[in-house]
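**Q** Under the numbering used here, the letters of the sequence shown match residues 248 to 370, in that order.
C-beta atoms are modelled at their ideal positions from N, C-alpha and C, and glycine is treated no differently.
Bear in mind that the values here come from a model prediction, so they are computed numbers and not experimental data.
Okay, here's the structure, questions in a sec.
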Amino acid sequence: MDTVRIVQDEETIGTYSFTDLNHPTGDVDIIVIIDLDAPLEVTITGGVDILVYGTEMTAQMLIANPGDDIINYQWYLNGGFISSGESLTFGMDLRRGTYRLDGVAISADGERSGSAFHNFIVE
């Protein structure tokens, strides 16, 4: 899932490759809804810059402006979905290397969204 915020007088460009799909046939629908509420202001706390191999960290998404919205949380590691929920404890099974943790928050009605990321190294 991707969300894009379109800002007046600005330009947003994106490219999607469908080569990884089985039998890439059919149509693609793109829906642009321009009547969105303010974006969710998301930050990730608890992330460390260097994670010692074999240990774990707990990260949490904080929303600065949730209002009365019910928020759905999704976590991605290097682009792959790993969990849902406001917080996440992970890392014990990660190999040494560089990682990107993304947190995506979406209001239950789908009218507000936001994201944040945290880069870290496992050594």
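Does DSSP put Ala285 in a helix, in a strand, or in coil?
**A** The count along the sequence shown starts at 1 and reaches residue 285 at position 38. Coil at Ala285, not helix or strand.
**Q** Going by C-alpha to C-alpha distance, which of Met339, Ser334 and Asp316 sits closest to Glu358?
**A** Counting from one through the sequence shown, the residue named residue 358 turns up at place 111. Checking every option, the nearest Cα to that of Glu358 belongs to Asp316.
**Q** Confirm, please, whether the CB-CB distance from Leu335 to Thr306 is below 7 Å.
**A** Position 59 of the sequence shown, counted from the start, is the residue given in the question as residue 306. Position 88 of the sequence shown, counted from the start, is the residue given in the question as residue 335. Note that residue 306 is Ala in the sequence shown here, rather than Thr. In this structure, Leu335 lies closer than 7 Å to Ala306 by Cβ.
**Q** Cutting at 6 Å between CB atoms, please list the residues of its own chain near Ile297, excluding the five before and the five after it.
**A** For the purposes of this step, residue 297 is taken as residue 50 along the sequence shown, with counting starting at 1. Excluding sequence neighbours, Ile297 sits near Ile368 and Glu370.
**Q** For the beta strand (DSSP E) that contains Ala363, what are its first and last residues?
**A** Position 116 of the sequence shown, counted from the start, is the residue given in the question as residue 363. From DSSP, the beta strand (DSSP E) with Ala363 extends over Ser360 to Val369.
**Q** For the putative contact between Leu309 and Leu348, defined by C-beta atoms under 8 Å, what is the C-beta separation to the nearest angstrom?
**A** Working through the sequence shown from its first residue, we reach residue 309 at position 62. Working through the sequence shown from its first residue, we reach residue 348 at position 101. In fact, because the Cβ distance is near 14 Å, the residues do not count as touching under 8 Å.
**Q** Helix, strand or coil, according to DSSP, for Thr345 in the structure here?
**A** On the sequence shown, position 98 is the one that residue 345 refers to. Of the three classes helix, strand and coil, the one that applies to Thr345 here is strand, per DSSP.
**Q** Between which two residues does the beta strand (DSSP E) harbouring Met339 extend?
**A** Sequence index remark: in the sequence shown, residue 339 carries index 92 (1-based). That residue, Met339, is in no beta strand (DSSP E); it is neither H nor E in DSSP.
**Q** Are the beta-carbon atoms belonging to Gly377 and Met304 less than 7 Å from one another?
**A** The requested residue 377 does not occur in the structure, where the chain is confined to residues 248 to 370.
**Q** Opposite Tyr391 in the DSSP bridges: which residues?
**A** Residue 391 is absent from the model: the chain starts at 248 and stops at 370.
**Q** Throw me the rounded Cβ distance for the Asn312 and Leu341 pair, which I believe falls under 8 Å.
**A** Working through the sequence shown from its first residue, we reach residue 312 at position 65. Working through the sequence shown from its first residue, we reach residue 341 at position 94. Actually they are not in contact, since the Cβ atoms of Asn312 and Leu341 sit about 32 Å apart, beyond 8 Å.
**Q** Just to check my reading of the structure: Val289 and Gly361 have Cβ atoms closer than 8 Å, yes? What is that Cβ distance to the nearest angstrom?
**A** Position 42 of the sequence shown holds residue 289. Position 114 of the sequence shown holds residue 361. At roughly 4 Å, the Cβ-Cβ gap stays under 8 Å, so Val289 and Gly361 are in contact.
**Q** Output yes or no for whether 7 Å exceeds the beta carbon distance between Tyr320 and Ser331.
**A** For the purposes of this step, residue 320 is taken as residue 73 along the sequence shown, with counting starting at 1. For the purposes of this step, residue 331 is taken as residue 84 along the sequence shown, with counting starting at 1. Yes, Cβ-Cβ distance for Tyr320 and Ser331 is below 7 Å.
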